[in-house]
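Residue 380 is where the sequence shown starts when you use our numbering, and the numbers rise one by one after that.
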Amino acid sequence: MSSTEQQVLAAADALIDAFGRHDSTAYFAAFAPEATFVFHHVDTLLESRNAYRRRWREWERDEGFAVLACESRERAVQQVGGDAAIFTHAVRTTLRTRAGEVRLDERETIVFARRGERWLAIHEHLSPLPAAAGGA
380 MSSTEQQVLA AADALIDAFG RHDSTAYFAA FAPEATFVFH HVDTLLESRN AYRRRWREWE
440 RDEGFAVLAC ESRERAVQQV GGDAAIFTHA VRTTLRTRAG EVRLDERETI VFARRGERWL
500 AIHEHLSPLP AAAGGA
């Protein structure tokens, strides 16, 4: 495994760890301000880190949203030049809302870009696993 792959995996691990602890400060710090987000359960593109942060706060306020745990598996890193990399994985998230606890099995792509000495996420795309979506 190359040094770049190790650095990207470390950045992904920090992001996933913060998400799994519902540490929104550390989680959002893992994204560049101009990062974009595509979520299968959100009807529009979130065009910045602040747009996603606003939606996150709405979920907390309106639904009692909290992340209880996050598990990453089937992980891969694809380097794209020297300053970009694509991280893919299957992700199992346990959430709590006012309706109760739910476990979600999804797959996710996160594009990272090197910013100085750091790797920051610049795009995240979340989709249901085919079995979870009712497909094959």
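Just so it is clear, CB atoms sit at the ideal spot from N, CA and C, and this is done for glycine as well.
**OP:** Give the single residue among His401, Ala393, Gln385 whose Cα lies nearest to the Cα of Thr472.
**Re:** Looking at His401, Ala393, Gln385, the one whose alpha-carbon comes closest to that of Thr472 is His401.
Subject >> Straight-line gap, Arg477 to Glu437 (C-alpha atoms, nearest Å) >> reply: 13 Å
Original post:
Which of helix, strand or coil does DSSP assign to Glu472?
Top reply: Here residue 472 is Thr; the residue named in the question, Glu, does not match the sequence. Strand at Thr472.
**OP:** Report yes if the CB atom of Ala393 is closer than 8 Å to the CB atom of Ala411, and no otherwise.
**Re:** no
Original post:
Is Asp462 near Arg433, with beta carbons less than 8 Å apart?
Top reply: Using a Cβ distance threshold of 8 Å, Asp462 and Arg433 do not count as a contacting pair.
**OP:** Within the same chain, show all residues whose beta-carbon is closer than 7 Å to that of Ala389, passing over the 5 residues directly before and after it, in chain order.
**Re:** none
Original post:
If Ile490 and Ile465 are in contact, beta carbons under 8 Å, what's the gap, nearest whole angstrom?
Top reply: Going by the sequence as given, residue 490 is Val instead of Ile. That belief holds up - the Cβ atoms of Val490 and Ile465 are roughly 6 Å apart, short of 8 Å.
**OP:** Would you kindly report the start and end of the unbroken beta strand (DSSP E) that includes Ser427?
**Re:** Element bounds for Ser427: n/a, residue is neither H nor E.
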